[in-house]
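Visitor: I have a structure I would like to understand better, so I am pasting it below and will then ask my questions one at a time.
Numbering (the numbering used here), first residue to last: 4 to 320.
Next comes the structure, spelled out in structure tokens:
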């Protein structure tokens with residue numbers, strides 16, 4: 004599997020514009036995604052999520068701008084980029100008369116695998132997706148959850164660096180959704196980077212490290228839900244008994260304080276890691292500087308809260 008360097012993002016989108024006949028679907032979209040992350044791509048219907056994913060997968064050509072996958076231009080050399088990307092559309096198709104083994108062999112052959120390499124790739128991905136017991140069953144005989152696993156297996160059989168999944172949980176029952184969450188985390192642990200769109204925010208929150216919010220073809224928010232080491236990022240409410248000069252400087256001097264969200268004389272809201280040692284050390288430092296702290300409480304800022312905050316902000320504009 005190809006690997007990006009510490010300084011090269013897995014994918015970089017630069018000033019992307021995409022037009023349909025009567026609609027501009029993407030407006031100067033720019034973003035980067037780092038290796039080992041799972042980014043939740045969310046937004047209302049018509050926000051541009053599927054169009055962005057298809058452009059990233061080098062399936063649709065933008066009007067202007069460019070997409071770099073590990074430094075390679077997706078539309079200058081789409082075949083090279085296809086080897087680095089696994090893509091699953093929201094409406095995927097399977098050859099119902101073929102067995103699981105035949106579907107996987109066909110998928111890996113499309114990427115140029117032959118002979119022993121082809122057999123090894125099929126065996127490996129069947130193990131990853133828990134398809135060994137179904138390997139000689141026809142695709143048309145599989146349940147919805149099993150078909151979804153087969154479709155994902157086809158998308159990753161060539162061991163891509165980046166996986167793009169458009170509404171992968173659609174139509175799955177709760178147990179199958181949990182299995183999907185576990186699978187995506189395991190793929191991340193194996194070194195893959197994922198971008199996943201879904202309307203099911205609670206399900207995305209189970210495994211996402213970042214959130215990318217789109218609306219009307221624009222990115223309105225792109226932030227970490229958890230820190231690089233997997234620490235969950237949350238909001239904290241700090242309460243003071245009396246106004247304290249220099250509070251903002253004291254807080255932002257701590258590298259773990261990601262952002263001060265709101266500040267007045269007696270109440271401060273800031274974003275930081277969900278970590279007991281962080282809270283203890285921060286309180287110790289503030290009290291040591293004679294800050295009259297009366298309370299420090301966690302206000303969890305998960306994916307649903309982030310999306311609600313962004314949506315509310317947009318409505319007020």
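Backbone N, C-alpha and C fix where the C-beta goes; we use that ideal spot for every residue, glycine too. These numbers were taken from a predicted model, which means no experiment stands behind them.
(1) Taking the alpha-carbon positions, what's the residue 258 to residue 38 distance?
(2) Let me confirm a value: residue 61 is counted as buried when at least 16 other C-beta atoms fall within 10 Å, else exposed. Which label applies?
(3) From the DSSP output, in three-state form, read off residue 294 for me.
(4) Measuring straight from C-alpha to C-alpha, what distance separates residue 20 and residue 135?
(5) If we ignore side chains and look at the alpha-carbon of each, how far apart do residue 100 and residue 146 end up?
(6) Mind checking residue 246: buried by the 16 CB within 10 Å criterion, or exposed?
(7) Along the chain, which unbroken stretches of the alpha helix (DSSP H) at least 4 residues long are found entirely within the stretch 122 to 178?
(8) At the level of alpha carbons, what is the spacing between residue 86 and residue 25?
(9) Which stretch, first to last residue, makes up the alpha helix (DSSP H) that contains residue 250?
(10) Whose C-alpha, out of 224, 131 and 262, is nearest the C-alpha of residue 191?
(11) For residue 6, which residues of its own chain have a beta-carbon under 6 Å away from its beta-carbon, when the five flanking residues on both sides are left out?
(12) Would you call the CB atoms of residue 272 and residue 260 closer than 9 Å?
(13) Classify residue 4 as buried or exposed, calling it buried when 16 or more other Cβ atoms lie within 10 Å of its own Cβ.
(14) Considering Cα atoms alone, identify which of 50, 119, 186 and 157 is closest to residue 206.
(15) Nearest by alpha-carbon distance to residue 215: which of 67, 35, 174 and 154 is it?
(16) May I ask you to list the residues that DSSP assigns as paired with residue 47?
(17) Can we say the stretch 237 to 244 touches the stretch 68 to 88, given the rule of at least three CB pairs closer than 8 Å?
(18) Our contact map puts residue 196 next to residue 165 with C-beta atoms below 8 Å; I'd like the distance itself, whole angstroms only.
(19) Can you give me the start and stop residues for the alpha helix (DSSP H) that residue 219 sits inside?
(20) Under a three-way DSSP split, which group does residue 112 fall into?
(21) Can you tell me the Cα-Cα spacing of residue 47 and residue 32, whole angstroms?
(22) Using the three-state DSSP reduction, which class does residue 287 fall into: helix, strand or coil?
(23) May I ask you to report which of helix, strand or coil DSSP gives residue 22?
(24) Specify the secondary structure class of residue 313 as computed by DSSP and reduced to three states.
(25) Just to confirm my understanding: we take residue 266, look at its own chain, exclude 5 residues before and 5 after, and list those with CB closer than 8 Å. What are they?
(26) Going by Cα to Cα distance, which pick from 75, 138, 127 and 291 is closest to residue 253?
Guide: Well, looking at it:
(1) Counted from its first residue, the chain shown places residue 258 at position 255. Counted from its first residue, the chain shown places residue 38 at position 35. So the alpha carbons of these two residues sit roughly 22 Å apart.
(2) Counted from its first residue, the chain shown places residue 61 at position 58. Buried.
(3) Position 291 of the chain shown holds residue 294. Three-state result, residue 294: coil.
(4) Here residue 20 refers to the residue found at position 17 of the chain shown. Here residue 135 refers to the residue found at position 132 of the chain shown. C-alpha separation (whole angstroms): 43 Å.
(5) The sequence position of residue 100 within the chain shown is 97, counting from 1. The sequence position of residue 146 within the chain shown is 143, counting from 1. C-alpha separation (whole angstroms): 15 Å.
(6) As a first step, residue 246 is located in the chain shown; it is residue number 243 there, counting from the start. Burial call: exposed.
(7) 147 to 159
(8) Against the chain shown, residue 86 aligns to sequence position 83. Against the chain shown, residue 25 aligns to sequence position 22. Roughly 33 Å separates the two Cα atoms.
(9) Here residue 250 is taken as the residue at index 247 of the chain shown, counted from 1. Taken as a continuous stretch (DSSP letters only), the alpha helix (DSSP H) holding residue 250 covers 250 to 255.
(10) Taking the chain shown and counting its residues from 1, one reaches residue 191 at position 188. Of the candidates 224, 131 and 262, the one whose C-alpha sits nearest the C-alpha of residue 191 is 131.
(11) Taking the first residue of the chain shown as 1, we reach residue 6 at position 3. Residue confidence for residue 6 is low, a pLDDT of 49 falling below 50, so the modelled location carries little weight and cannot support an answer.
(12) Along the chain shown, read from residue 1 onward, the residue named residue 272 stands at position 269. Along the chain shown, read from residue 1 onward, the residue named residue 260 stands at position 257. Result no, Cβ atoms of residue 272 and residue 260 do not sit closer than 9 Å.
(13) Along the chain shown, one-based indexing puts residue 4 at 1. Note that residue 4 scores a pLDDT of 49, beneath 50, so its modelled location is shaky; the value from the coordinates is reported in the next line. Flag for residue 4 reads exposed.
(14) Counted from its first residue, the chain shown places residue 206 at position 203. Considering only alpha carbons, the answer is 186.
(15) Translated into the one-based positions of the chain shown, residue 215 becomes position 212. When only C-alpha atoms are compared, the closest one is 35.
(16) Counting from one through the chain shown, the residue named residue 47 turns up at place 44. According to DSSP, residue 47 bridges with nothing at all.
(17) no
(18) What you label residue 196 is simply residue 193 of the chain shown in a count that begins at 1. What you label residue 165 is simply residue 162 of the chain shown in a count that begins at 1. The Cβ separation is near 5 Å, so the contact holds.
(19) Counting from one through the chain shown, the residue named residue 219 turns up at place 216. Element bounds for residue 219: n/a, residue is neither H nor E.
(20) As a position in the chain shown, residue 112 is number 109, starting the count at 1. Residue state, collapsed to three classes: helix.
(21) Against the chain shown, residue 47 aligns to sequence position 44. Against the chain shown, residue 32 aligns to sequence position 29. Roughly 17 Å separates the two Cα atoms.
(22) In the chain shown, residue 287 corresponds to position 284, counting from 1. Residue 287 falls in the helix class under three-state DSSP.
(23) Indexing the chain shown from 1 puts residue 22 at position 19. Three-state DSSP puts residue 22 in a strand.
(24) To locate residue 313, count along the chain shown from 1; it is residue 310. Correct three-state label for residue 313: helix.
(25) Walking along the chain shown from the start, residue 266 turns up at place 263. Correct list, in chain order: 250, 251 and 272.
(26) Along the chain shown, one-based indexing puts residue 253 at 250. Nearest C-alpha to residue 253: 291.
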